[in-house]
Each structure stands twice: as C-alpha cells, then as structure tokens.
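Going by my numbering, 27 is the number at position 27 of the sequence shown; the sequence numbering is gapless. Structure first, then comments.
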Amino acid sequence: MKIGTKTALFFVFTLALVAAFQIGGREAQAQSSYFTSQGCSGCHTAPAVATCNGCHAHGVHSSSAKSDINVKGTTNATSYAPGATVTVTISGGYRSGWVRAVLYDQNQVELARSTGNASDMGSATTLPATLSAAAPATPGTYAWKVAWYGNKYDSGSAAFGSGWTADPNNADHGYEIVSTNSFTVTAPADTTPPTITAFTLPASATSLTVPVSALSATDNTAVTGYLITTSTTAPAASDAGWSATAPTSVTATAAGSATFYAWAKDKAGNVSASASATVTITLPDTTPPTVTAFTLPASTTSLTVPVNALSATDNTAVTGYLITTSAAAPAASDAGWSATAPTSVTAPATGSVTFYAWAKDGSGNVSAAKSATVTVSIPPAANLVLTVSTVTDGSFTNNPTLNVSGTVTDTVAIQSVTVNGQAAVVAADGSFSSAVTLQIGANAILVVATDSAGIVKSDSRTVTYDPTAPVVTVSAPADNSTSALQLVTVTGSVNETSAVAVSVNDGASQAATISGSTYSTAVNLALGVNTISVTATDPAGNSSSIKRTVTYTPPTDTGLNLAVTYPSQDMTTSYPRLYLRGKVADTQGTATVTVTVGTTTYTPEVENGWFQQLITFTVAKQYTITVTAKDQAGNSSSVIRNVIYRPLRSDDRDRRRYDD
1 MKIGTKTALF
11 FVFTLALVAA
21 FQIGGREAQA
31 QSSYFTSQGC
41 SGCHTAPAVA
51 TCNGCHAHGV
61 HSSSAKSDIN
71 VKGTTNATSY
81 APGATVTVTI
91 SGGYRSGWVR
101 AVLYDQNQVE
111 LARSTGNASD
121 MGSATTLPAT
131 LSAAAPATPG
141 TYAWKVAWYG
151 NKYDSGSAAF
161 GSGWTADPNN
171 ADHGYEIVST
181 NSFTVTAPAD
191 TTPPTITAFT
201 LPASATSLTV
211 PVSALSATDN
221 TAVTGYLITT
231 STTAPAASDA
241 GWSATAPTSV
251 TATAAGSATF
261 YAWAKDKAGN
271 VSASASATVT
281 ITLPDTTPPT
291 VTAFTLPAST
301 TSLTVPVNAL
311 SATDNTAVTG
321 YLITTSAAAP
331 AASDAGWSAT
341 APTSVTAPAT
351 GSVTFYAWAK
361 DGSGNVSAAK
371 SATVTVSIPP
381 AANLVLTVST
391 VTDGSFTNNP
401 TLNVSGTVTD
411 TVAIQSVTVN
421 GQAAVVAADG
431 SFSSAVTLQI
441 GANAILVVAT
451 DSAGIVKSDS
461 RTVTYDPTAP
471 VVTVSAPADN
481 STSALQLVTV
491 TGSVNETSAV
501 AVSVNDGASQ
511 AATISGSTYS
521 TAVNLALGVN
531 TISVTATDPA
541 GNSSSIKRTV
551 TYTPPTDTGL
561 NLAVTYPSQD
571 MTTSYPRLYL
581 RGKVADTQGT
591 ATVTVTVGTT
601 TYTPEVENGW
611 FQQLITFTVA
621 KQYTITVTAK
631 DQAGNSSSVI
641 RNVIYRPLRS
651 DDRDRRRYDD
C-alpha cells in the first residue's frame, strides 16, 4: 500500500474530565475492496485485533506539509454552561481520506460522533469535519484530544515513498494524540438559600445540654451545613461552628427560658432564614438551705422548751423545718418536717439537752445543722390545796360584813391569794383572812389561789345579805282564850320564806308545817294558863316572835265522848268536797251533832253513834270545821279540824285526770 494513495487517516476527538483518558474503544469499519486487494483480509472486521501486514502505515514525512501530525481540533468556545452544545472542528492533515471522529465518556461509552463529510476506506472526504455534543452537567475544566491511528506496515516492503519514515509512536495498530485543548463548564451562580423544614426542641429540660427533637432543611442543590445559635442575627457561611449534619443537641448558657435559632447553608454560601424553638430549662437544685438562727433558753422547768428563734434561707425557698436531738442529718422524706419553723421542742429527759435544727428545700436538699443547748430542771409536781372557811354557798346573813378565811398549801411556793380580787395576806403557815362588805341581796364570794407553777385553784360562793326580820302573825288560837281541849292547833302566816318554831311555856320548840306563807302545828297545853310562843326565822338569821295566852280548863267527865275519824287531823286538799266522819257516845242518852263551817251549820244524822257530813269548798282558803256533840243533860264536847282547800290549776287537773 502506497503512502500517497493507501494511507487512511482516522481522526478521533475525545472529550473527557481533567484526567487524561486512554481511548479503550475502537472504531471498526466495514472491509473495502482496496484492503482485500492488499491482502488485508480480516483486518477491519470487528473487533480489529488481527495483525495485518501491509495494511496501514503511519509515517513521518520530512516535509511538515505532508505530515498527518498537522491534524488539529478547535472548539467553538472556551466556556460553556452545563448541557450546552460543544462543537469541535477538525481540520488540517496531509490529505483527505477515511475520516471519522468519535466522542467517548470516561467509561469509553460513545456519546457522539462527527457530523459532515465521512467515507469508508479509499474514498475522499472533506475537511474540516465537526463533532457536536452536550457539555457535562457538572461544572469544571475539561480537555479534548485529537488522534490518528493505523496498523503496522511490513518493514520489508516499499510502502513508504521517498521522504517517509515509519512513525515510532504508531508501530502497531494504535493511536497518537496529535492535538489537545481544554474548555470550562461554568454553572450559573446559585442564589437560592436552603429552607429549614423542621426545628423542634422539647418544651422543658433539666440540663443545659438540650436534645434536638428534629432539624431538617432542603435546598435547590444540596444542604452542606447546619448551625444552631442563640442570636437572631444570620451567621456567615464562613463562620465557625457549621456542621455537615444536623446537630443532635444544643447547649444553653443558663437555666430559664432559652430560644435557639436553626440555620442551613449550601455550597454556594447561601444561608437560610432561621427557624426558632424555645425550651424552658430547670436545672436540678443542689444547693442546700442555710439555718441562719436557732436559739433556745439557757434553762427551763418544763420538758416542753420554747424556741426563741429559728430561721433559714435558700436559693429558691425553704420548704421544711425539723428539730432533732441527733446530729445525724435527716432525710428530706423523713417524718416530722413542718412547713413553718417550730415554736417549741420536747426534751426527752431532764438535764442538759442539745437540739439540732435543720431546713430543707423543694429539691430535697437538707441544710447543715445548727445546734442549741438547754438545761431542763423540773421541780416537784405542784399540789395546790385551797380550804375556805366562811358561810356555806347559798346561805343568808344579816351581818353586812362577812369574814372569809382559810388555808392554802402547796409543794411549791404560793404566789398569791385573792378574795373578790383583793389580795389577802398569807401567813407562813398558809393561813389567810379577809373581810368582805356585803350589799343587800346576793353577793358573789370568789377566793383564788395561784402557785409559782402557774396552777390556780378557786372557791366561789353566793351569800345573801338580808338585814330585815320576817313578820309573823297568829290566826289561832285567840290571845287570852280558854280551851277545854289539851291539844290546840296553832296557825298563822309569815311574810317571807322562814322557819317557824312553836313552843309552849318556854319548852322545847317544834317546827310548824309551812305551806306557802302559812304555817300550822298542834301543841299540848298544860292545865291552867299557857304561853304559846311563835318564832319565825328567815335564812339570814333575822327572827321575830309573837305570843298567845291560852287557859286550858278541861271539862268534867259527863260521859259524852266525841271523835272525828276523818280527817283525823288538819289537812290540805285539792278536792272541793269532803266527807267528814266521826263517832259520838254518851252515857246519858242520845247525843246530837252539829258541824259548823264558817257561818253554815249542819246537823248530820247519828246512827249507832256514827255520823258523816258532806262539806263543800267554794274558794281556795283555810276552812275551820267545828264539830260539837250535845247530850240531853246539856253536856257538850267540840273537836276542830282545819282544812286548807287549794284547788288544782287547769294543767294540774288535766294531769290528774290523766293519772286517775
């Protein structure tokens, strides 16, 4: 094969990244008659791997005008946007012939091949030829290269003409880079900042290190950095602290409410707007309170010891106080803590006792102790006894001056004795005496004794001062009267509550029966003249007396005997009717009986010596009933009965009717 006619040029343009590519793929063209005539059968079948002697020869001519190395490729620009069309024009070379340009990627995958004139072996083509392909999407600087290749020619033949020598760079079927250049893919400026799509913190935390619940962002290209600050001022993309991944925690500077701001940036340096989140941080309180004051009295006479002072302070608030007799610190959960400072403590025994005061706060921190010592001395138990000597409670007196005396004893010192508020002098033996001036009417008498242990005893009484004597009257018997009966009923009245005593001839007194303001009693007379004394004494001791003179002259025995069997004695009744009964006997014959009540006289029938008479009471009063028996000889005998009629009130009648 002659160099001038048989040498075929194959131009390959390769566009790749900055690293130089070795074109691993080969263009396999269909076999032509020319190569067949030259004995190159099989040389251009796919893939071209056989050694074809005399098929292709690459050579270097002494004239640069004839050298294939003149082949060049030129891009239509030096800078392209991603995806823009890059056009390479291939020109030059010794002659036209078999021309084909191919673009491979870095993995030797065909991307595009030249457009324009192209032909098979032995045919002509026209340069320049063009290659068009899209610029890479990734910005950067890229290189393109132009190469030509062919197979080794048999060195023993005369294929090379005058001036040609074999090209040592293409001794075998291969390629030789004959032209190279570069271009730049420049992306348009990115001005779109990322967007924070989520940023949350827990509502509260107990540590300055706060976990980030969520932090995410998006960008039109890619998020390249995250930053969390405590300032609303946007950080620069070049500031320190950015991290390639979202932080999982943030650190607060102090307890309380803290607001954090999350930011994101991209490769172009665009910084997002912030998203904020707030957390309330409550740090555990580890500072115990301080007991600032704790004092007790130096000594006391009681196991209950007053606390003179107890106070404490805390960085938050004191929530409890406790006083113990042990120096061991109590737990905040122990029993006995009080919300306010105790005002007293209880000693376990007498003697010197040391107490320890503690304070705690709401976090359970317990203070150091502050101690105070007290000496407890308990005197013997007090035994205060008060004895008062004066008139009895509820008594009456007609003396305007009342003496109040008595004694007071105790195992401890007597502090005071007062009578109606006035201090009484207590003698060494505990006796005292005081006088009280009484007022007419009821008077309260109060004696109070107090000892050094604070024990109080008292004695209270009511005494009525009454200086007026009662007024007493006698309604029967009449003064200077004569009685044929030895037993005489004395009746009368008294104007106030009093005791009535009746005596005969200064003999022993006998108490009269009192009913309201009236009194009554029966006395025996001595033969002859009798002095009947009636004395009324009120509760105050005031008394008055009245007397009656009655001559007792018994009748001679006439054989006439009269007896009233009912009522057998004076009586009080609430019934308005009374059946008086009696018996009469006479040795002289038949006797008649009369019953006189006031101005009314009844004559009951006597049967076998018995008689009865119905007497009616009309008004409440005392009725004197005189029963007289008289025989045919003119002898008479009388018996008197006094009946007090006191009818029932309406409510008493109802009650009596119910009882009956």
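Glycine residues also receive a C-beta, built at the ideal position from the N, C-alpha and C atoms. It should be emphasised that the depicted structure is a prediction, and the values quoted were computed from it without experimental measurement.
Test item: CB-CB of residue i and residue j under 8 Å
i: residue 499; j: residue 510; result: no
i: residue 196; j: residue 249; result: no
i: residue 330; j: residue 265; result: no
i: residue 312; j: residue 340; result: no
i: residue 479; j: residue 592; result: no
i: residue 408; j: residue 436; result: no
i: residue 494; j: residue 515; result: no
i: residue 301; j: residue 378; result: yes
i: residue 572; j: residue 644; result: yes
i: residue 590; j: residue 603; result: no
i: residue 648; j: residue 574; result: yes
i: residue 240; j: residue 215; result: no
i: residue 380; j: residue 411; result: yes
i: residue 629; j: residue 562; result: yes
Residues near residue i in its chain [Cβ-Cβ closer than 6 Å; skip 5 each side]
i: residue 634; result: none
i: residue 541; result: 398
i: residue 476; result: 491
i: residue 219; result: 194, 266
i: residue 234; result: 271
i: residue 41; result: Bear in mind that a pLDDT of 42 at residue 41, under 50, signals an unreliable position, so the model cannot answer this.
i: residue 605; result: none
Chain-order list of residues whose beta-carbon lies under 7 Å from that of residue i (same chain, five-residue window excluded)
i: residue 316; result: 285, 361, 362
i: residue 463; result: 391, 395, 397, 402, 438, 443, 445
i: residue 295; result: 308, 309, 372
i: residue 80; result: 86, 135, 183, 185
i: residue 49; result: Its pLDDT being 36, under 50, residue 49 is placed unreliably by the model, and nothing is read from it.
i: residue 642; result: 489, 491, 520, 570, 622, 624
i: residue 137; result: 82, 83
i: residue 332; result: 360, 364, 366
i: residue 222; result: 266, 267
i: residue 426; result: 408, 414, 417, 432
Proximity to residue i [Cα-Cα], best of the options
i: residue 418; options: 433, 428, 411; result: 433
i: residue 639; options: 565, 206, 621, 608; result: 565
i: residue 255; options: 279, 246, 497, 234; result: 279
i: residue 353; options: 327, 240, 258, 508; result: 327
i: residue 547; options: 585, 575, 474, 524; result: 474
i: residue 440; options: 292, 467, 260, 456; result: 467
i: residue 583; options: 389, 366, 637; result: 637
i: residue 205; options: 224, 277, 138, 263; result: 277
i: residue 421; options: 413, 448, 427; result: 448
i: residue 261; options: 306, 351, 201; result: 201
i: residue 453; options: 459, 507, 383, 496; result: 383
i: residue 616; options: 603, 604, 576, 559; result: 576
i: residue 568; options: 580, 346, 458, 559; result: 580
i: residue 539; options: 598, 470, 483, 505; result: 470
i: residue 82; options: 75, 461, 139; result: 139
i: residue 529; options: 506, 325, 512; result: 506
i: residue 375; options: 389, 211, 299, 387; result: 299
i: residue 631; options: 646, 585, 597; result: 585
i: residue 485; options: 388, 527, 457; result: 527
i: residue 552; options: 598, 619, 481, 608; result: 481
8 Å Cβ cutoff, residue i in contact with chain C
i: residue 251; result: In the displayed structure, chain C is absent; only one protein chain is listed.
Beta-carbon contacts of residue i that lie in its chain and below 8 Å, excluding the five residues immediately before and after
i: residue 245; result: 226
i: residue 429; result: 407
i: residue 238; result: 269
i: residue 346; result: 303, 304, 305
i: residue 356; result: 323, 324, 325, 326, 327, 369, 370, 371
i: residue 189; result: 268
**Asked** What residue ranges within the region 358 to 432 form continuous beta strand (DSSP E) runs of no fewer than 3 residues, ordered along the chain?
**Response** 370 to 376, 385 to 389, 395 to 397, 401 to 409, 414 to 419
**Contained beta strand (DSSP E) runs [length at least 3] in the region 551 to 582, N- to C-terminal order** = 560 to 566, 571 to 573
**Request:** May I ask you to verify whether the region 476 to 489 touches the region 408 to 417, counting CB pairs closer than 8 Å and requiring at least 3?
**Result:** no
**Contained beta strand (DSSP E) runs [length at least 3] in the region 467 to 546, N- to C-terminal order** = 472 to 476, 481 to 483, 487 to 494, 499 to 504, 513 to 515, 518 to 524, 528 to 537
**Prompt:** What runs of the beta strand (DSSP E), each 3 residues or longer, lie entirely inside the region 218 to 256?
**Reply:** 223 to 229, 249 to 251
**Prompt:** Is it true that the region 606 to 622 meets the region 528 to 535, where meeting means three or more beta-carbon pairs spaced less than 8 Å apart?
**Reply:** no
**Request:** Tell me the start and end of each unbroken beta strand (DSSP E) in the region 252 to 327 that is at least 3 residues and wholly inside, in chain order.
**Result:** 256 to 266, 275 to 281, 290 to 295, 304 to 306, 309 to 313, 318 to 324
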